[in-house]
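Notes follow the structure.
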Amino acid sequence: MIPSPAARRPLRTMAAALAITAMTSTGLATVTASAAADPQPAPETDTTASSTIGKQAAKKAARERGRPVRIDELLAEQSTTWAMPDQTLKTELHAGPVRLKHNGTWRDIDTTLIHDGGVLRPKVAKAAVEISAGGAGPFLRLRHGNGKAFGVRWAKTLPAPRIDGDTATFADVIPGGDLVVTALSTGFTHDVVLRKRPTGPLEIRMPLELTGMKLARTAAKGAKRGEGRLELTDEAGALIGELPTRRCGTPRLSSRPTPAGARWSPPRSSKSAASRCWYCARMPASWPTRPCTTRCASIRGPRWR
């Protein structure tokens, strides 16, 4: 199996995972007009467009060249099939989408962020992700088609972010802390990175913005108080995603003990307005006494996908 760069990237440990099932399976694929050309193939393989010569011709080419030839007519979002020199076929299965078909042509997933229409978008991604280029409004938005959208706001106006590949860093959004947002092929993650030790307890609220969606708490049979799930549905009640309410995480502290009580809380929804809900990160005052290095803590937010 030859994993793609996106598949090789280690998965972050997240505080919660919102399974946006419909967004993953039927979400708006994003291919920007300025997307770069597909990466060059590895030297030991041949990605000749075998859809024009057929599978048998690809097998013949593989035998003559002594290396695998990719069969484009058998490509899929999560699999790649090769004709091997010994005349067998090899199919690689990927954990997530590694390519998308756009205007009849396959494009490799590329989550590198670029400016497009006043926001930042990944070049080629399964999910229609938008990241703020600075200013007011949601710093993240995931569109679902037909006017539906899910967004996360910051309490204050954000500066223009620093872009590094698939990651946007909004510096000093809190004293000594940055907001770090990363685009994924099927969604995004967001972290709050603390570079300085807070002088006291810290609470960060991130309001959620729902358009054409509703957020409601459900209780499984036999669930204890506070357990259950938060369900994200459209206005007709069709399930879009769900989130366990008791899956909380802790900040990572450069090989130091984690402060007791540090955690992400799941979204809380107002009974009077579905749009009034938020994610909340709480950090206690009991920080380690040893000095911090370049990163005091990384409060890892949910993995939205």
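The sequence shown lines up with residues -29 to -1, 1 to 276 when you count with mature numbering (1 follows the signal peptide of the UniProt record, and there is no 0). Beta carbons are placed, not taken as given, at the ideal position from N, Cα and C, and that holds for glycine.
Counted within 10 angstroms of its Cβ, other Cβ atoms place residue i as buried (16 or more) or exposed
i	result
His86	exposed
His73	exposed
Glu206	exposed
Leu210	exposed
Leu64	exposed
Lys167	exposed
Arg41	buried
Ser103	buried
Gly158	buried
Ser50	exposed
Arg36	exposed
residue 278	The requested residue 278 does not occur in the structure, where the chain is confined to residues -29 to 276.
Ala107	exposed
Ala29	buried
Glu98	Rather than Glu, the amino acid found at residue 98 in this sequence is Ala. Buried.
Residue interval of the alpha helix (DSSP H) (run including residue i)
i	result
Glu63	Counting along the chain, Glu63 falls outside any alpha helix (DSSP H), though it belongs to the beta strand (DSSP E) covering Leu60 to Leu64.
Arg38	Counting along the chain, Arg38 falls outside any alpha helix (DSSP H), and DSSP gives it neither H nor E.
Spatial neighbours of residue i in its chain, beta-carbon cut-off 6 Å, leaving aside the 5 residues before and after
i	result
Thr140	Pro132, Arg133, Asp149 and Val151
Gly136	Thr83
Leu45	Thr52
Arg112	Glu101, Ala120 and Gly122
Lys26	Ile42
Selected residue, minimal CA-CA separation from residue i, among the options
i	options	result
Leu165	Val144, Met177, Pro178 and Leu179	Val144
residue 282	Pro146, Glu48 and Thr182	Only positions -29 to 276 of the chain appear in the structure, and residue 282 is not among them; the question remains open.
residue 278	Gly75, Val90, Lys167 and Ala120	With the chain running from -29 to 276 in the structure shown, residue 278 is simply not present.
His161	Gly122, Leu173, Leu186 and Pro56	Gly122
Ala154	Arg168, Lys167, Ala142 and Thr138	Thr138
residue 277	Asn117, Trp53 and Asp135	In the structure displayed, the chain extends from -29 to 276; residue 277 sits before or after that span and is not available.
Met66	Lys30, Gly118, Glu48 and Ala99	Before going further, note that residue 66 is Ala rather than Met in the sequence given. It is Glu48 whose Cα lies nearest to the Cα of Ala66.
Gly118	Glu202, Thr182, Pro109 and Gly105	Thr182
Thr76	Val95, Trp125, Gly88 and Gln58	Val95
Arg124	Thr59, Ala142 and Glu180	Glu180
Ala187	Pro178, Met177, Ile175 and Leu203	Leu203
Ser156	Pro93, Lys185, Gly25 and Lys31	Pro93
Met177	Val163, Lys185, Met184 and Gly105	Val163
Ala142	Gly105, Met184 and Arg114	Gly105
Beta bridge counterpart(s) of residue i as assigned by DSSP
i	result
Lys72	Trp77
Ile145	Gly148
Ala99	Arg114
Gly106	Leu129
Ile85	Arg92
Opening and closing residue of the beta strand (DSSP E) in which residue i lies
i	result
Met177	Leu173 to Thr182
residue 283	The chain is shown only over -29 to 276; residue 283 falls outside these bounds and no answer can be derived.
Pro93	Val90 to Ala96
Thr157	It is not in any beta strand (DSSP E) - Thr157 carries neither H nor E in the DSSP assignment.
Pro109	Pro109 to Gly116
Trp125	Segment: none, Trp125 is in no beta strand (DSSP E) and carries neither H nor E.
Asp135	Arg133 to Asp135
Ala54	Ser50 to Ala54
Beta-carbon proximity list for residue i, same chain, < 8 Å, skipping 5 on both sides
i	result
Lys127	Val144
Chain-order list of residues whose beta-carbon lies under 7 Å from that of residue i (same chain, five-residue window excluded)
i	result
Pro109	Ser103, Gly122, Val123, Arg124 and Glu180
Gly208	none
Gln58	Lys30 and Arg34
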